[in-house]
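Colleague:
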DNA sequence: GAATCGTCAATTGTCTGACATTTGATCTTC
DNA sequence: GAAGATCAAATGTCAGACAATTGACGATTC
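Residue numbers (the working numbering), protein chains in the order written: chain S, 88 to 326; chain U, 88 to 326.
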């Protein structure tokens, strides 16, 4: 039960700490692999494994050529979105988080940014939401496309809050649930109901009526949970 | 402007897709490095770099020895916390986000889970909060320790909601702000005020009074923002 | 003088082969 | 049957080489 991590993990941690602490500023060039291997007294391939670990976390980027090397990466929200969403999706799929819990979290977070969105939403956000509502009302739409459009609608709502941190945090919560939602078959009746709620939400946001938005989101949360429950019930009795 | 990613990145993506899609189930053993290098027609070190990338994302774990190898990792909430927090902290520290935005996001999310926490908080959560409040009232406490205790207090509040997805999502928002908060010097007067609000919040949670909790959190949010503003103002005029 | 082209050197990416280390499985011995 | 010795498979590390890329620098040409 030796608990000594690999050399490449130690080196990665050493460099990562330097980056996170701000010791290595953004766009700073790290020493070349050859220099690092001398500094840490290991061979180059070990250094490379450490660097690949950091690259996988978007902490550094590498560039070939004479003036190339490894540079401290400027972490963008886009970079972070991807990791956040895959991690969240994996967490949900691997941890048998039930539909109720995931939905509860999602709508709790969404209601948190609803007041801000009611205050700040731009015409652009409203237009996106209206467009998605129109798509959701089309009859031939597959369940997967309906869910994707649902996610896009809610993303627009969240983005309307104009707070990139909120958008980033909620990207995981909203998008990670898509696979779970895809397991639900949306009947024509349920789609109509959801589209109705979406329209009402868009109307309330346009009117900047925060309390109405909150009430409607609560309705939608309850309805979604009920849908999920009915699907679960339909599966259970088969045993 | 060749846009072909490295071989190790391609291989990592290939395996990652297989894991995320569920094609490789949890605890499944991957082929050995030698076998993978044959399958992908690359040398072993290239395969190893790919595996290290996946290990950095906690997607696989490796084990040495005869029955060892790379196994698809069961991603736990604990594992995800770490990545989430470092990523969020980096996003904030890279100056793309100002203190106001971060605080707004943090308290918006926190208020989202306050009603749930008021309903479900256990005696254990309350005890943790009381203990942190006691610590925060101690006179000799450093600013860093005060902030750390503040984070622990709010973590207990969030955990009280009893929803692991919420806890996971908010871990980033709450803990990532700690470095920013550490830049604030807390006077004795501001500490007293904050401890007072914390006590009132704990009282309201104990009484399961959700609306009071919400009001108090709003107060705390406003006060924290004001503190941050005063610090920023104190710095600006120096130029 | 300016633009174009070639060369060069530094750096990362990949390959090959070897050895060290770990660890469960298996065999041996009592 | 239990304890220890041995083995084999796998990852971890090392050493050295070559390929590929790319900016810098100089040479050539108009």
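All residues carry an ideal CB built from backbone N, CA and C; glycine is no exception.
Would you tell me roughly how many angstroms separate the C-alpha atoms of residue 196 (chain U) and residue 237 (chain U), rounded to the nearest one?
Modeller: Within the second chain, numbered from 1, the residue matching residue 196 (chain U) stands at position 109. Within the second chain, numbered from 1, the residue matching residue 237 (chain U) stands at position 150. Spanning the two alpha carbons is a distance of roughly 16 angstroms.
Colleague: Where does the unbroken beta strand (DSSP E) through residue 149 (chain S) begin, and where does it stop?
Modeller: Here residue 149 (chain S) corresponds to residue number 62 of the first chain, with the count starting at 1. Run containing residue 149 (chain S): 147-150, per the beta strand (DSSP E) assignment.
Colleague: Could you compute how far the alpha carbon of residue 211 (chain U) sits from the alpha carbon of residue 294 (chain U)?
Modeller: In the second chain, the residue the question calls residue 211 (chain U) occupies position 124. In the second chain, the residue the question calls residue 294 (chain U) occupies position 207. Going by the C-alpha atoms only, they are around 15 angstroms apart.
Colleague: Which term fits residue 190 (chain S), buried or exposed, when burial requires 16 or more other beta carbons within 10 angstroms of its beta carbon?
Modeller: Within the first chain, the letter at position 103 stands for residue 190 (chain S). That one is buried.
Colleague: By DSSP, does residue 113 (chain U) sit in helix, in strand, or in coil?
Modeller: Taking the second chain and counting its residues from 1, the one referred to as residue 113 (chain U) is at position 26. Three-state result, residue 113 (chain U): coil.
Colleague: When the cut-off is 7 angstroms and only beta carbons count, does residue 295 (chain U) lie next to chain S?
Modeller: Within the second chain, residue 295 (chain U) is the residue found at index 208, counting from 1. It does not: the Cβ of residue 295 (chain U) has no partner Cβ on chain S nearer than 7 angstroms.
Colleague: Would residue 85 (chain S) and residue 175 (chain S) qualify as a contact pair, given that the criterion is a beta-carbon distance under 7 angstroms?
Modeller: Nothing about residue 85 (chain S) can be read from this structure; chain S reaches only from 88 to 326.
Colleague: Could you tell me the alpha carbon to alpha carbon distance between residue 289 (chain S) and residue 184 (chain S), rounded to whole angstroms?
Modeller: Here residue 289 (chain S) is taken as the residue at index 202 of the first chain, counted from 1. Here residue 184 (chain S) is taken as the residue at index 97 of the first chain, counted from 1. Going by the C-alpha atoms only, they are around 30 angstroms apart.
Colleague: Could you name the residues that DSSP lists as bridge partners for residue 156 (chain S)?
Modeller: Reading the first chain from its first residue, position 69 is the one you call residue 156 (chain S). According to DSSP, which records beta bridges pairwise, residue 156 (chain S) is partnered with S:150.
Colleague: Sort U:262, U:245 and U:254 by Cα distance to residue 234 (chain U) and report the nearest one.
Modeller: Looking up residue 234 (chain U) in the second chain gives position 147. Of the candidates U:262, U:245 and U:254, the one whose C-alpha sits nearest the C-alpha of residue 234 (chain U) is U:262.
Colleague: Rounding to the nearest angstrom, what Cα-Cα distance links residue 142 (chain U) and residue 120 (chain S) in this structure?
Modeller: Taking the first residue of the second chain as position 1, residue 142 (chain U) is located at position 55. Taking the first residue of the first chain as position 1, residue 120 (chain S) is located at position 33. The straight-line gap from Cα to Cα measures roughly 21 angstroms.
Colleague: Please identify, using Cβ separations under 7 angstroms, the residues of the region 183-201 of chain S that lie next to chain U, in order along the chain.
Modeller: Here the close residues are 184, 188, 189, 191, 192, 195, 196, 198, 199 and 200.
Colleague: Does the pairing of the region 96-116 of chain U with the region 153-169 of chain U give three or more beta-carbon distances under 8 angstroms?
Modeller: Yes, since at least three Cβ pairs between the region 96-116 of chain U and the region 153-169 of chain U fall closer than 8 angstroms, the two stretches touch.
Colleague: Measuring alpha carbon to alpha carbon, tell me which residue in S:300, S:173, S:97 and S:172 is nearest residue 136 (chain S).
Modeller: In the first chain, the residue the question calls residue 136 (chain S) occupies position 49. Ranking the options by Cα distance to residue 136 (chain S), first place goes to S:97.
Colleague: Examine the Cβ distances between the region 99-106 of chain U and the region 94-110 of chain S and report whether three or more of them are shorter than 8 angstroms.
Modeller: In short, these stretches do not touch, since the Cβ pair count stays below three.
Colleague: Strictly below 7 angstroms CB to CB, what residues from chain U border residue 135 (chain S)?
Modeller: As a working note, residue 135 (chain S) is residue 48 in the first chain. Those are 136, listed as they occur along chain U.
Colleague: So residue 173 (chain S) contacts chain U; which residues on that side make the cut at Cβ distance below 7 angstroms?
Modeller: Your numbering for residue 173 (chain S) matches position 86 in the first chain. Chain U residues near residue 173 (chain S): 107.
Colleague: I'd like the ranges of any alpha helix (DSSP H) spanning at least 4 consecutive residues and lying wholly in the region 198-266 of chain U.
Modeller: List check, alpha helix (DSSP H) in window: 210-224, 230-246 and 251-262.
Colleague: Whether or not the region 197-206 of chain U and the region 264-284 of chain S are in contact is what I'm after, with contact meaning three or more pairs of Cβ atoms, one per stretch, closer than 8 angstroms; do they touch?
Modeller: Short answer: they don't touch.
Colleague: DSSP on residue 269 (chain U), reduced to helix/strand/coil?
Modeller: Indexing the second chain from 1 puts residue 269 (chain U) at position 182. Residue 269 (chain U): helix per DSSP, three-state reduction.
Colleague: Beta-carbon of residue 317 (chain S) versus every beta-carbon of chain U: anything under 7 angstroms?
Modeller: Taking the first residue of the first chain as 1, we reach residue 317 (chain S) at position 230. Closer than 7 angstroms: no.
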